[in-house]
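Undergrad: So the protein lines, in turn, are chains Z and L.
Counting from 1, one number per residue, gives the positions in the first sequence under UniProt numbering.
Counting from 1, one number per residue, gives the positions in the second sequence under UniProt numbering.
Backbone N, C-alpha and C fix where the C-beta goes; we use that ideal spot for every residue, glycine too.
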Amino acid sequence: MNPVNYLYLAALLFTIGASGVLIRRNAIVVFMCIELMLNACNLALVAFSRMHGNLDGQIIAFFTMVVAAAEVVIGLAIIVSLFRSRHSASVDDASLMKL
Amino acid sequence: MENLIALLVAAPLLGAAVLLCGGRRLDRAGHWIGTALAAASFVTGVVLFTDMLGRGAEDRALHQHLYSWIPVEGFQADVAFQLDQLSMTFVLLITGVGTLIHIYSIGYMEHDERRRRFFGYLNLFLAAMLILVIADNYLLLYVGWEGVGLASYLLIGFWQHKPSAATAAKKAFLVNRVGDMGLSIAIMLMFTTFGTFAFGPVLGATGDTSEGKLTAIGLMLLLAACGKSAQVPLQSWLGDAMEGPTPVSALIHAATMVTAGVYLIVRSGAIFNGAPDAQLVVVVVGAVTLLFGAIVGCAKDDIKKALAGSTMSQIGYMILAAGLGPIGYVFAIMHLVTHGFFKAGLFLGAGSVMHGMNDEVDMRKYGGLRKYMPVTFVTFGLGYLAIIGFPGLSGFFSKDMIIEAAFAKGGTEGWILGSVTLLGAAITAFYMTRVMLLTFFGEKRWQPDAEGHEPHPHESPKSMTIPMIVLAFGSVFAGGFFSIGDRFMHWLEPVTGHDHGHAPVSAATVTAATMVVLVIGVAIAWAMYGRKPVPAVAPRGSLLTRAARRDLLQDDFNHVVLVRGGEHLTRSLVYVDHTLVDGVVNGTAASMGGLSGRLRKLQNGYARSYAVSMFGGAAVLIAATLLMRAV
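1. Within 9 Å of any Cβ in chain Z, is that where the Cβ of Y575 (chain L) sits?
2. Taking only beta carbons into account, state which residues of the stretch 67-96 of chain Z come closer than 8 Å to chain L, listed in chain order.
3. Measure the alpha-carbon distance for L100 (chain L) versus S210 (chain L) and round it to whole angstroms.
4. For the stretch 14-25 of chain Z, enumerate the residues whose C-beta is nearer than 7 Å to any C-beta of chain L, in chain order.
5. Could you tell me whether the stretch 116-124 of chain L touches the stretch 8-15 of chain L, where touching means 3 or more Cβ pairs closer than 8 Å?
6. Figure out for me which residue from L:N358, L:A536 and L:G383 has the closest Cα to the Cα of G452 (chain L).
7. Measure the alpha-carbon distance for V91 (chain Z) versus A619 (chain L) and round it to whole angstroms.
8. Using only CA atoms, which one of L:C298, L:G239 and L:M363 lies nearest to E443 (chain L)?
9. Could you tell me the alpha carbon to alpha carbon distance between G551 (chain L) and V296 (chain L), rounded to whole angstroms?
10. Would a check of beta-carbon distances place V29 (chain Z) closer than 9 Å to chain L?
11. Does the beta carbon of F615 (chain L) sit closer than 9 Å to a beta carbon anywhere in chain Z?
12. Classify K171 (chain L): buried if its beta carbon has 16 or more other beta carbons within 10 angstroms, exposed otherwise.
13. Interface residues of chain Z around R608 (chain L) at Cβ under 9 Å?
14. With 9 Å as the threshold, decide whether the Cβ of G605 (chain L) is near any Cβ in chain Z.
15. Could you tell me which chain Z residues have their CB closer than 8 Å to the CB of A611 (chain L), listed as they occur along the chain?
16. Spatial neighbours of I59 (chain Z) within its chain, please: C-beta separation below 6 Å, excluding the five flanking residues on both sides.
17. D59 (chain L) to G200 (chain L), Cα distance in whole Å?
18. Let me know if L223 (chain L) comes out buried or exposed under the rule of 16 or more other beta-carbons within 10 Å of its beta-carbon.
19. To the nearest angstrom, how far is it from the Cα of S483 (chain L) to the Cα of I333 (chain L)?
20. Is the stretch 228-235 of chain L touching the stretch 92-110 of chain L in the sense that three or more CB pairs, one from each, lie closer than 8 Å?
21. Taking the alpha-carbon of E110 (chain L) as reference, which of L:L174, L:A29, L:V133 and L:V91 has the nearest alpha-carbon?
22. According to DSSP, is A70 (chain Z) helix, strand or coil?
23. Give me the DSSP bridge partner(s) of L83 (chain L).
24. Along the chain, where does the alpha helix (DSSP H) that runs through T579 (chain L) open and close?
25. Which one of L:V91, L:V175 and L:L385 has the shortest CA to CA distance from E146 (chain L)?
26. Use the C-beta contact count for K343 (chain L): other C-beta atoms within 10 angstroms, 16 or more gives buried, fewer gives exposed.
27. Are the Cβ atoms of A405 (chain L) and G328 (chain L) separated by less than 9 Å?
28. For P71 (chain L), write down the residues that DSSP places opposite it in a beta bridge.
29. If I measure Cβ to Cβ from A513 (chain L) and keep anything under 7 Å in the same chain, skipping five residues before and after, which residues do I get?
30. So, under 8 Å CB-CB, G345 (chain L) and T311 (chain L) are touching, yes? Tell me the CB distance rounded to an integer number of Å.
31. Taking 9 Å as the threshold (C-beta atoms), are L48 (chain L) and V79 (chain L) in contact?
32. Can you give me the Cβ contacts of A525 (chain L) inside the same chain, cut-off strictly under 6 Å, excluding the 5 residues immediately before and after it?
33. Is the beta carbon of K394 (chain L) sitting closer than 9 Å to the one on V476 (chain L)?
34. If I measure Cβ to Cβ from Q82 (chain L) and keep anything under 7 Å in the same chain, skipping five residues before and after, which residues do I get?
35. Between K300 (chain L) and A306 (chain L), how many whole angstroms is the CB-CB distance? I'm expecting something under 8 Å.
Next comes the structure, spelled out in C-alpha cells:
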C-alpha cells in the first residue's frame, strides 16, 4: 500500500484533533483531542520512517509517546484539581489570567 | 616694599575674622581692634605712598604675586596685586576715610549691643574694597566687587529688626546683582577675546581688537558700574540704602563703594578709548544720573535721602567725566577724592545731627540747630561750601575741571554736556543750600514725640566730632592742594593718560559761568527756605516735586516694567509649559495608553482563543515558508 495514504490519515486525524481543541469546552475532551494530535504526528513520523527507510522517525515517535505519557499525568492532575476548585471542567471557566 | 601690599588687605581681613568669629568675649574691645586694624592698613598705605613718591613717575607701579589661584592649562587666575598711582589714590582714600569713620562709629554705635559685629562688617568692607582696587586682574577685582556688595548688604540691613532695613538690604543686593552680571559677562568676553583677564595684557591688547568687541565689553562694564555706583537705570537702591547706620552711608554709600564704578571705567580706560559708542553711552548715563539725582535731592525731606540724591548726582559727574575719555579720567578721580572728603563729612554731620535729635531724619523737624551743635554746624557748613563749589574749596576745583572738560569734548556734544553740568551745578547749589537752611537756620521746629520726649539737641562726643573736623580740613584744602601746579594730573597721568581737548571757551569763562549758576541756585533756595518760615509739614508741591519725592517714580517704573512684566512673562511661560510641553508629553502617554488598552483586549483569558492564535500563527509561518520555497 502506498505510504502516502498514512500521511493523509495523519493529516485528517491532526485536523480532527485541532478542531476539537478549538471547539470543545470540556477540558477532558480538549485533552483527548491533544492526544489525538500527538498520535497523528506519531503516525506521520512512522510513515516517514517507512518512506525514507531509516529508523529516525520511529525513535522520535517513541520520544513523543514518553512525553505524551508524562503530559497525561500532569494534564489530568491539573484538570482534576481544576474541577475540584470550581466544580466545572470547562476550559472557558478557567479565565483568571484575563485582565 | 611690594611685600607690604598684601598687608593692606590682611589687616582688615584679620580684623573681620577675629571680630566675627571671636564671640561675645570681644564685645568690650571689639571696636578698638577694628579701628586699630583699619589704622594699621592706613599706615601701611602711607608707607607705600611715601615709597612710591621716592621713585620716578614711570616705575612707580608695584606688583605682588601672592599665589596662583586656579592654575589650569590655558586658564591662569592669579591672586596678584598691582599698586600704581590710581590704586594708591584709592588705597589712601579708602583706608583714610575708613579709619576716620571707624573712629566716628565708636561714638555713634556706642549704645548698640551689636557694635562688635558692626566693626567686623566694616573691616570686611575695607578688605574687600582694597582687594577691588589693588587687584591686578579682573577676576580678582570681581572678588572684591562681590565682597563689597556683601558688606554693603550686611551693613544696610544691620538693623535687621526693622523690616524697612531688611527690605532695603535685599533691594540693594538684588539691584547690584544685575550689575554684577554685567561684570561677569565682561570678564568672560575678555577671556574669549584676549585669552586672559590680567590688566596688563588686556589693556595692552585693545589696539588689535575689533571695535565691536570692545564696545560689547565696554557696555557690560558700564552695566556693572551702573549697579555699583547707583547710576540710571540701576539707581533705585541707593536711596533705600540710607536705612543703614549713618557711618555706613558715609563710608560705603558716599565715599568709597559707590565710586567703584568710576574706578572700573577709569581702570578700563583703554577699552573705552577704543569704543566711542560705549563712551557715548557712559556720558549719557552720567549726564542723566547727574540731573536725576540732583532733582531727587531737591525734594527729599529726609536729610540722608537728600544727601543720597546728591551722591548719585556727584557720581554722575564722575561717570560723565570718565566717559569723556582721556580728557576727563583725571578729573573724574580728582572729583571722586574730594567728594570722598566732603560727602563723608556731610554724612557724618547728618549722623551727628540725628544723634542729637533722637534719630529724627526729617529736616522739617530740625531748624536753628547751629546754636546747639556748633562743631557739627561748622564742619557741615564747610562740606556744604565744598560741594556747591564755593571758590577756593575742594569742590570748586574738581567740579570746575569736569565742567571745563565737558565743554572741551568739542562740538555740539560738548555744548550739551557743558550745559548739563552747569545746570547740575545750579541744582546742587539749590538742594544743598536747602539742606543747610532747613537744618541749621530758621526757627526750631522740633516737637515732643508721641511719648512726650522732647529732643534735646546737643553736640556729639569727641570721637564723632574729630573725624568730622579732619574731613572738613580735607573738604577745604584737598582741591586746592591737588590743583596747584596740576599736581594731581601729573600724579595720575602715567596711568590714565591726559588730553586737553579743544575748549570752545576759556577756562575763566567757564569758572565765571559756574559762579553765576552757583549764586542763582543759592539765591533761589534762600528765597524759598531762608526768607520765610518753613512749614513743618511738607506742602503738596508741584507735579515734579511730588514725582521727585517718590524718587522720580523709579520704583513705580521698576514695578510696572520689571515686576509686572516679569510676572506676565512667567505666566506666559507657565502657559506654554502647560499647553505645549506638557501637551506633547501627556499626549504621547495618552496615545500609548489607548493603544495598549486596545492591545490588552487580546488577552481575554480563554485558552481556546490562545490556541486559535497559535494555530493561526503556525499556519501563517508554514504558508510563508512554503511560499518562499516556491519562489
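TA: Let me spell this out:
1. For the purposes of this step, residue 575 (chain L) is taken as the residue at position 575 of the second sequence. Answer no: the Cβ-Cβ gap between Y575 (chain L) and chain Z never drops below 9 Å.
2. Taken in chain order, the members of the stretch 67-96 of chain Z whose beta-carbon sits within less than 8 Å of a beta-carbon on chain L are V91, D92, A94, S95 and L96.
3. Here residue 100 (chain L) corresponds to residue number 100 of the second sequence, with the count starting at 1. Here residue 210 (chain L) corresponds to residue number 210 of the second sequence, with the count starting at 1. Using only the alpha carbons, I get a separation of about 46 Å.
4. Interface annotation for the stretch 14-25 of chain Z against chain L: A18, V21 and L22, criterion Cβ-Cβ distance under 7 Å.
5. Segments in contact, yes.
6. In the second sequence, residue 452 (chain L) corresponds to position 452, counting from 1. Relative to the Cα of G452 (chain L), the nearest Cα in the group L:N358, L:A536 and L:G383 belongs to L:N358.
7. Position 91 of the first sequence holds residue 91 (chain Z). Position 619 of the second sequence holds residue 619 (chain L). Each residue's alpha carbon lies about 23 Å from the other.
8. Reading the second sequence from its first residue, position 443 is the one you call residue 443 (chain L). Out of L:C298, L:G239 and L:M363, the CA that lies nearest to the CA of E443 (chain L) is found in L:M363.
9. In the second sequence, counting from the first residue as 1, residue 551 (chain L) sits at position 551. In the second sequence, counting from the first residue as 1, residue 296 (chain L) sits at position 296. The displayed chain sequence assigns Asp, not Gly, to residue 551 (chain L). In this structure, the straight-line span from the alpha carbon of D551 (chain L) to that of V296 (chain L) is close to 6 Å.
10. By 1-based counting over the first sequence, the position of residue 29 (chain Z) is 29. Among the residues facing chain L, V29 (chain Z) is not included, as its CB has no counterpart in that chain under 9 Å away.
11. To locate residue 615 (chain L), count along the second sequence from 1; it is residue 615. Closer than 9 Å to some Cβ of chain Z, the Cβ of F615 (chain L) qualifies, so yes.
12. In the second sequence, the residue the question calls residue 171 (chain L) occupies position 171. Buried.
13. On the second sequence, residue 608 (chain L) is found 608 positions in, with the first residue counted as 1. Near R608 (chain L) (Cβ distances below 9 Å), the residues of chain Z are V21, L22, I23, R24, R25, V30, V91 and D92.
14. Within the second sequence, the letter at position 605 stands for residue 605 (chain L). It does; some Cβ of chain Z falls within 9 Å.
15. Counting from 1 along the second sequence, the entry for residue 611 (chain L) is found at position 611. In chain order: V21 and L22.
16. By one-based count along the first sequence, residue 59 (chain Z) stands at place 59. The same chain holds no residue with a CB closer than 6 Å to that of I59 (chain Z) once the five nearest residues on each side in sequence are set aside.
17. Against the second sequence, residue 59 (chain L) aligns to sequence position 59. Against the second sequence, residue 200 (chain L) aligns to sequence position 200. CA-CA distance, D59 (chain L) to G200 (chain L), rounds to 14 Å.
18. Mapped onto the second sequence, residue 223 (chain L) falls at position 223. Here L223 (chain L) is buried. Its C-beta has 16 or more other C-beta atoms within 10 Å.
19. The residue labelled residue 483 (chain L) in the question sits at position 483 within the second sequence. The residue labelled residue 333 (chain L) in the question sits at position 333 within the second sequence. The C-alpha of I333 (chain L) is placed about 13 Å away from the C-alpha of S483 (chain L).
20. These segments do not touch.
21. In the second sequence, the residue the question calls residue 110 (chain L) occupies position 110. The candidate whose alpha carbon is nearest that of E110 (chain L) is L:A29.
22. If you number the first sequence from 1, residue 70 (chain Z) lands on position 70. A70 (chain Z): helix per DSSP, three-state reduction.
23. Position 83 of the second sequence, counted from the start, is the residue given in the question as residue 83 (chain L). For L83 (chain L), which the question treats as bridged, DSSP gives the partners L:L62.
24. Counting from one through the second sequence, the residue named residue 579 (chain L) turns up at place 579. Run containing T579 (chain L): none; DSSP gives neither H nor E here.
25. On the second sequence, position 146 is the one that residue 146 (chain L) refers to. For the set L:V91, L:V175 and L:L385, the Cα lying nearest the Cα of E146 (chain L) is the one of L:V175.
26. Translated into positions along the second sequence, residue 343 (chain L) becomes position 343. Buried.
27. Numbered from its first residue, the second sequence carries residue 405 (chain L) at position 405. Numbered from its first residue, the second sequence carries residue 328 (chain L) at position 328. Judged by beta-carbon spacing, G328 (chain L) lies within the 9 Å limit of A405 (chain L), meaning their Cβ atoms are closer than that value.
28. Taking the first residue of the second sequence as position 1, residue 71 (chain L) is located at position 71. Note: P71 (chain L) is bridge-paired with L:Q76 in the DSSP secondary-structure output.
29. Taking the second sequence and counting its residues from 1, the one referred to as residue 513 (chain L) is at position 513. Setting aside the 5 residues that flank it on each side, A513 (chain L) is surrounded in the same chain by L422, each with a C-beta closer than 7 Å to its C-beta; the list follows chain order.
30. Position 345 of the second sequence holds residue 345 (chain L). Position 311 of the second sequence holds residue 311 (chain L). Actually they are not in contact, since the Cβ atoms of G345 (chain L) and T311 (chain L) sit about 13 Å apart, beyond 8 Å.
31. What you label residue 79 (chain L) is simply residue 79 of the second sequence in a count that begins at 1. What you label residue 48 (chain L) is simply residue 48 of the second sequence in a count that begins at 1. No.
32. Mapped onto the second sequence, residue 525 (chain L) falls at position 525. Answer for A525 (chain L): F430, T433 and R434, listed in chain order.
33. Counted from its first residue, the second sequence places residue 394 (chain L) at position 394. Counted from its first residue, the second sequence places residue 476 (chain L) at position 476. Position check: residue 394 (chain L) holds Ser in this sequence, whereas Lys was assumed. Taking C-beta atoms as the reference points, S394 (chain L) and V476 (chain L) count as a pair closer than 9 Å.
34. By 1-based counting over the second sequence, the position of residue 82 (chain L) is 82. Same-chain partners within the cutoff: A61, H63, I134, D136 and F199.
35. Position 300 of the second sequence holds residue 300 (chain L). Position 306 of the second sequence holds residue 306 (chain L). With 8 Å as the limit, K300 (chain L) and A306 (chain L) qualify as a contact, their Cβ atoms being about 4 Å apart.
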